[in-house]
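*Asks:*
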Amino acid sequence: MIRFTRFSVLLTLLTVTGLQAYPAIELPVVAQTSICAPDQTLDTDEYALRDQARVALDNGDLATTVRTLREALLITPQTQYPHNTVEQWLLEDNNGTRIEQLLKFSDKKQTTQILDQLYQITQRLKPNHSSIKTRAFAAIAKSYIVLNQFPSAINALNQARDAVRFVQGTTEKADRLLDIAAGYAALPQPQIAQTSLTQAEKAIQQIQQSDRAVRLVRLATLHAEDENFTKARAIAAKLPKNSESHAIVFRAIAENYIRIKQLGNADQAIQTITHPMQKAIALGKVAVAYERAQQPGIATKRFDQAMAIAATPNLVSGFYTSEMLRRDLVVNLVEVGRRDAARRLAINSEMPSFKKEAYKVILLADVRANEPVKAKKLLSQQLTEILNQQDSSWHRFELVNLINTATEAEQFDWFIQEWNRISKVDFGLTDQDVERITTSHAQKGRHIQALQWTEKLPIANRPVLQIRLKSTIALAAHQSGQTAWAKNLLQTTEQQISALMKASRDRLQREGGDTNEPDDIEYIGVAVLALSYAQIGDTGTTQRLLDRVVKSKMNQNDMQLGGRIDNPFELFREANQIDGAFQLANGSVLPEKRFQRLQTVAGMALAQNRFDMATSIVPRLNSASGQTQLLLAIAQRYTQLKQTDKALPFLAQAFKVAQTIPGEESQFDRLGAEGGTVIEMENDRGSLIEAIAVQYARLKQPAQALKVANTLKEKKTRDQALEKVRCAISS
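Numbering (mature numbering (1 follows the signal peptide of the UniProt record, and there is no 0)), first residue to last: -21 to -1, 1 to 710.
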């Protein structure tokens, strides 16, 4: 009757902190069986941490990424599917693998520690995952090379050479040998690189003719990168002469001649290319090289040749089109300062998406050249194109892209200059847009300029936004070391709250509108100020302002707000400000909402090992079931930290409280018009007592585990619990 073999409230609590809705804490479903199923506790916990790291990386939260990923990797060796972790972080490629994304932004020491962990995990992969193992070691080596840790890279490649011996299938083995060769080619290991390339070539000769071309191209490219141009040409001779594969090889030869500044040889290689797209790409690159070599006449000829090819209609190479070629030629032209030529080429683009990409490249170059007038003109030209579009459904998407471009180019005055025209596109600049722009403006110590800019914005009818912007600027000032200035701005803003509320009421009487706006100023606006104080570290002022929020009219009417996204609790939760979130959760008027929010705060507390706060929440929960689940979560977290002595008292307390859960031992929900769908309850007394028993078994407390399981009254439930306890003991 009970469906659960373990208790994972911690996982649910950690997960729920990322949600706006607050579902009840859940226990995982496990099929009933007389055979001990593998214990998936660690797999689930490891996956949750990995996913948290993935989301944090996507959101640019490097601190959380590093912390949760390292914690996950500590568990990975004990899971059933460690190769999934290896694939997710080393091999899945979406604009670079995740480890490559981490390398761009993370601290060198932290990234090295993560790579070392991944190295150890990869080393333990079994022979049936030899292909993944080989690829992973090659990827690890590549990352070590980026970090200039060459001995570690060589060790990883040596491990890859060992693993590749067990790879099945000639095609798969050829690909993996190429991975290894690419790694050695990036190192000062020419002899081993050539040996690996020779092995790869032999493997390629054994695969089907139809599968050879793409691998021969890669092989020849690696030889070209190793400056063995004779060998690269010999491999190209095995490919059909007028094929794109043949052209790609000679493009690689040309590009590597360019790299070593042998432009004459590069030109000769380009003349061999018959495929127009590949030829144009190479011409663009050699043109840049000639310009840098102080030979502008030849550069102009090569650019003209490339642009003539780009003008050819219906030019396609796989997914690469003539529009993409024009965009890349724009990049080449801008790279050597030929912005006017780039502008002319961009104007002739027929596809809006690539035209905008080309414009962005030119615009940023204008800014770098200290020509903001040209940059603003190009922004306004794009805004006109958006306004002239017949299909208004794309307006918001196009405007967001334009906002991002203007913000990246730091053309903040342009927003004021074009405010009225921007307002004609969809909803114009939303609060989120303006806040994002302000955040960017206030960086690099420009908080005073950002404040002056916001004061010019026509947002008198958006009082909460005014508070948000000043709070954003204050935080940026604090982060640049100007904490006193930041606090002064926050104090001044707080003093303006009453005036903003009065102005809002007066405007409502004159013009009508959202009747909640004056109260929102106190409810959300004051909370925004409190959050800034919390982030600055002023605990006393934070608590004082949150007391005001809790006592505000909007908080007292919390029941009417339903699922408001923009509320003080969410602000503090999203900012991971746990103390403020706790104060707001505890001050929630509606009991159900208070209970849900306290659960969320408990999850945040356990994630940060704030056991004092998590423990203090237990008696505040309004049900024995909720208290039991949180006590179990605390015990589980201590168990994860290998602090069994601290886990056991909480487990004992959980058992004591669980016995007071009212109702039948096993309970059901009936859904549907006539109650035809029966769903077993996940938080009844029987389920939780079973979970406690299993947890005792995992803590190597078999006698207590059996004792707890035997307290269950229903025979079927008790037998099932005892079986799971025995499985846990034997695992």
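Note that CB positions come from ideal geometry on N, CA and C, so glycine has one too.
Hey, Phe333 and Glu377: beta-carbon distance below 9 Å or not?
*Replies:* Here residue 333 is taken as the residue at index 354 of the sequence shown, counted from 1. Here residue 377 is taken as the residue at index 398 of the sequence shown, counted from 1. Going by C-beta atoms, Phe333 is not nearer than 9 Å to Glu377.
*Asks:* Just to confirm before moving on: does the CB-CB distance between Val346 and Leu324 stay below 9 Å?
*Replies:* Here residue 346 refers to the residue found at position 367 when the sequence shown is read from its first residue. Here residue 324 refers to the residue found at position 345 when the sequence shown is read from its first residue. The answer is no: Cβ separation not under 9 Å.
*Asks:* Would Phe298 and Gln257 qualify as a contact pair, given that the criterion is a beta-carbon distance under 9 Å?
*Replies:* Here residue 298 is taken as the residue at index 319 of the sequence shown, counted from 1. Here residue 257 is taken as the residue at index 278 of the sequence shown, counted from 1. No, Cβ-Cβ distance for Phe298 and Gln257 is not below 9 Å.
*Asks:* As a quick exercise: from Leu126, Ala192, Val196 and Ala142, pick the residue whose alpha carbon is nearest that of Ala165.
*Replies:* Position 186 of the sequence shown, counting from 1, holds the residue named residue 165. Answer by Cα proximity: Leu126.
*Asks:* Since His225 contacts Ala211 with CB under 8 Å, what's their CB separation in whole angstroms?
*Replies:* For the purposes of this step, residue 225 is taken as residue 246 along the sequence shown, with counting starting at 1. For the purposes of this step, residue 211 is taken as residue 232 along the sequence shown, with counting starting at 1. His225 to Ala211, Cβ: 11 Å. No contact.
*Asks:* Count Cβ pairs between the stretch 39 to 49 and the stretch 83 to 103 that sit closer than 8 Å; are there 3 or more?
*Replies:* Short answer: they touch.
*Asks:* How is Val146 classed by DSSP in three states: helix, strand or coil?
*Replies:* For this step, residue 146 is matched to residue 167 along the sequence shown. The answer is coil: DSSP assigns Val146 none of H, G, I, E or B.
*Asks:* Leaving aside the five residues before and after Leu630 along the sequence, list all residues of the same chain whose C-beta is less than 8 Å from its C-beta, in chain order.
*Replies:* Sequence index remark: in the sequence shown, residue 630 carries index 651 (1-based). Correct list, in chain order: Leu610, Leu611, Ala614, Ile671, Gln674, Tyr675 and Leu678.
*Asks:* In three-state DSSP terms, what is Asp405?
*Replies:* Stepping through the sequence shown from its first residue, residue 405 is reached at position 426. Three-state result, Asp405: coil.
*Asks:* Rounded to whole angstroms, what's the CA-CA distance from Arg552 to Arg318? Just pull it up for me.
*Replies:* Residue 552 sits at position 573 when you count from the first residue of the sequence shown. Residue 318 sits at position 339 when you count from the first residue of the sequence shown. The alpha-carbon atoms of Arg552 and Arg318 are separated by roughly 47 Å.
*Asks:* Within 10 angstroms of its Cβ, does Ser604 collect 16 or more other Cβ (buried), or is it exposed?
*Replies:* The sequence position of residue 604 within the sequence shown is 625, counting from 1. Ser604 comes out buried.
*Asks:* Out of curiosity, what's the CA-to-CA distance linking Thr55 and Ile100?
*Replies:* Taking the first residue of the sequence shown as position 1, residue 55 is located at position 76. Taking the first residue of the sequence shown as position 1, residue 100 is located at position 121. When rounded, the distance between both Cα atoms is 7 Å.
*Asks:* Would you kindly report the start and end of the unbroken alpha helix (DSSP H) that includes Asn114?
*Replies:* Taking the sequence shown and counting its residues from 1, one reaches residue 114 at position 135. Before going on, a small fix: residue 114 reads as Arg here, not Asn. Unbroken alpha helix (DSSP H) run through Arg114: Ser109 to Val125.
*Asks:* State buried or exposed for Leu136, treating a residue as buried only when at least 16 other CB atoms are found within 10 Å of its CB.
*Replies:* For the purposes of this step, residue 136 is taken as residue 157 along the sequence shown, with counting starting at 1. That one is buried.
*Asks:* In terms of residues, what are the limits of the alpha helix (DSSP H) holding Pro61?
*Replies:* Along the sequence shown, one-based indexing puts residue 61 at 82. It spans Pro61 to Val65 - the alpha helix (DSSP H) in which Pro61 sits, taken as one unbroken run.
*Asks:* How far does the alpha helix (DSSP H) with Tyr502 in it reach, from first residue to last?
*Replies:* Along the sequence shown, read from residue 1 onward, the residue named residue 502 stands at position 523. No alpha helix (DSSP H) contains Tyr502, which DSSP labels as neither H nor E.
*Asks:* Given Gln606, which residues of its chain have a CB within under 7 Å of its CB, disregarding the five upstream and five downstream residues?
*Replies:* Here residue 606 is taken as the residue at index 627 of the sequence shown, counted from 1. Taken in chain order, the residues that qualify are Val597, Leu600 and Val636.
*Asks:* I believe Phe574 touches Ala560 by the beta-carbon criterion, under 8 Å. Please report the beta-carbon distance rounded to the nearest angstrom.
*Replies:* Taking the sequence shown and counting its residues from 1, one reaches residue 574 at position 595. Taking the sequence shown and counting its residues from 1, one reaches residue 560 at position 581. Not really, about 14 Å apart at Cβ, beyond 8 Å.
*Asks:* Can Ala268 and Ala245 be called in contact, C-beta distance under 9 Å?
*Replies:* Working through the sequence shown from its first residue, we reach residue 268 at position 289. Working through the sequence shown from its first residue, we reach residue 245 at position 266. Yes, the Cβ-Cβ distance between Ala268 and Ala245 is below 9 Å.
*Asks:* One question on the structure: do Asp158 and Thr200 come within less than 9 Å of each other, judged by their Cβ atoms?
*Replies:* Start at 1 with the first residue of the sequence shown, and residue 158 comes out as number 179. Start at 1 with the first residue of the sequence shown, and residue 200 comes out as number 221. In this structure, Thr200 does not lie closer than 9 Å to Asp158 by Cβ.
*Asks:* Just the Cα atoms here: how many angstroms apart are His426 and Glu336?
*Replies:* Residue numbering aside, residue 426 sits at position 447 when the sequence shown is read from its first letter. Residue numbering aside, residue 336 sits at position 357 when the sequence shown is read from its first letter. Cα-Cα distance, rounded: 30 Å.
*Asks:* Excluding the 5 residues preceding and the 5 following Ala554 in the sequence, name in chain order all residues of the same chain whose CB lies nearer than 8 Å to its CB.
*Replies:* Translated into positions along the sequence shown, residue 554 becomes position 575. Contacts found: Leu510, Ala513 and Gln514.
*Asks:* Do you know whose CA, among Leu36, Ser110 and Asp40, lies nearest Asn63's CA?
*Replies:* Stepping through the sequence shown from its first residue, residue 63 is reached at position 84. Cα-wise, what sits closest to Asn63 is Ser110.
*Asks:* Using beta-carbon positions only, say whether Trp398 and Pro442 come within less than 9 Å of one another.
*Replies:* Indexing the sequence shown from 1 puts residue 398 at position 419. Indexing the sequence shown from 1 puts residue 442 at position 463. Cβ distance not < 9 Å, so Trp398 and Pro442 don't count as in contact.
*Asks:* Exposed or buried, Pro61, counting other C-beta atoms within 10 Å across all chains shown (16 or more means buried)?
*Replies:* Sequence index remark: in the sequence shown, residue 61 carries index 82 (1-based). Pro61 is buried by the Cβ-count criterion.
*Asks:* Would you list the residues sitting across from Ser296 in a DSSP beta bridge?
*Replies:* Within the sequence shown, residue 296 is the residue found at index 317, counting from 1. Answer by DSSP bridge pairing, in chain order: Tyr299.
*Asks:* Which same chain residues end up closer than 7 Å to Leu176 when comparing Cβ atoms and leaving out the 5 residues on each side of it in sequence?
*Replies:* One-based indexing of the sequence shown puts residue 176 at position 197. Closer than 7 Å at the Cβ level, and outside the excluded window around Leu176, lie Ala160, Leu198, Leu201 and His202.
*Asks:* Helix, strand or coil: how does DSSP classify Asp72 here?
*Replies:* Along the sequence shown, read from residue 1 onward, the residue named residue 72 stands at position 93. DSSP places Asp72 in strand when its eight states are reduced to three.
*Asks:* Counting along the chain, where does the alpha helix (DSSP H) carrying Gln458 start and finish?
*Replies:* Here residue 458 corresponds to residue number 479 of the sequence shown, with the count starting at 1. It spans Pro442 to Gln458 - the alpha helix (DSSP H) in which Gln458 sits, taken as one unbroken run.
*Asks:* Closest to Gln680 by C-alpha separation, out of Ile708, Lys703, Glu669 and Glu693, would be which residue?
*Replies:* By one-based count along the sequence shown, residue 680 stands at place 701. Out of Ile708, Lys703, Glu669 and Glu693, Ile708 has the C-alpha closest to the C-alpha of Gln680.
*Asks:* Taking all protein chains shown into account, decide if Glu37 is buried (16 or more other Cβ within 10 angstroms of its Cβ) or exposed.
*Replies:* Here residue 37 corresponds to residue number 58 of the sequence shown, with the count starting at 1. A small fix is needed here, since residue 37 is Asp in this sequence, not Glu. Exposed.
*Asks:* Measure the alpha-carbon distance for Thr44 versus Glu490 and round it to whole angstroms.
*Replies:* As a first step, residue 44 must be located in the sequence shown, where it is residue number 65. As a first step, residue 490 must be located in the sequence shown, where it is residue number 511. Answer to the nearest angstrom: the Cα atoms are 48 Å apart.
*Asks:* If we count the other Cβ atoms within 10 Å of its Cβ and call it buried at 16 or more, is Ala10 buried or exposed?
*Replies:* Counted from its first residue, the sequence shown places residue 10 at position 31. Here the model assigns Ala10 a pLDDT of 37, short of 50, so the residue's position is not dependable, and the following value carries that caveat. Label assigned to Ala10: exposed.
*Asks:* Kindly indicate which three-state DSSP category Ile544 falls into: helix, strand or coil?
*Replies:* Locating residue 544 in the sequence shown gives position 565, where the first residue counts as 1. Residue placement at Ile544 is poorly supported in this model, since its pLDDT is 49, which falls under 50; the coordinates are not used for a value here.
*Asks:* Note down the Cα distance separating Ala3 from Asn662, rounded to an integer number of angstroms.
*Replies:* As a first step, residue 3 is located in the sequence shown; it is residue number 24 there, counting from the start. As a first step, residue 662 is located in the sequence shown; it is residue number 683 there, counting from the start. With a pLDDT of 34 at Ala3, under the threshold of 50, the predicted position of this residue should be treated as unreliable, and no value is reported.
*Asks:* Can you give me the Cβ contacts of Glu314 inside the same chain, cut-off strictly under 6 Å, excluding the 5 residues immediately before and after it?
*Replies:* Taking the sequence shown and counting its residues from 1, the one referred to as residue 314 is at position 335. Around Glu314: Val267.
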